[in-house]
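In the numbering used here, the protein residues as written are 10 to 113.
Using N, Cα and C, we set each Cβ at its ideal position, and we do this for glycine too.
In what follows, a structure is listed as structure tokens, so that the remarks can point back to it.
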């Protein structure tokens, strides 16, 4: 995400939703469409993912990484992405934050 390296948060930064299939797996196609829909709204300056509206509490680390990968692939070249960090402890949260940074 070096394109947005110096980005400063301001304006409208909505938290996106994460759709699931009936078996509770991530519905990647519906999620990609949701990203395009929300990201295409005039005035939106960035998107927030892996937050509470994205049901992050129900995701394991691999699923959180998949959400970020899908997001970056679908819209990361057009808008800055704010990635949430959710964990039961500070050491795990730090590990997730480091991984998110490494993933871009």
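- In this structure, residue 53 lies near residue 88, with their beta-carbon atoms less than 8 angstroms apart.
- Linking residue 63 to residue 92 through their CA atoms gives a straight-line distance of about 11 angstroms.
- For residue 58, the enclosing beta strand (DSSP E) covers residues 56-58.
- Taking a C-beta distance under 8 angstroms as the contact criterion, residue 65 and residue 95 qualify as a contact pair.
- Under DSSP, residue 35 takes part in a beta bridge, and its partners are 29.
- In this structure, residue 43 lies near residue 25, with their beta-carbon atoms less than 8 angstroms apart.
- From the listed residues 73, 102, 12, the smallest Cα separation to residue 27 is found for 73.
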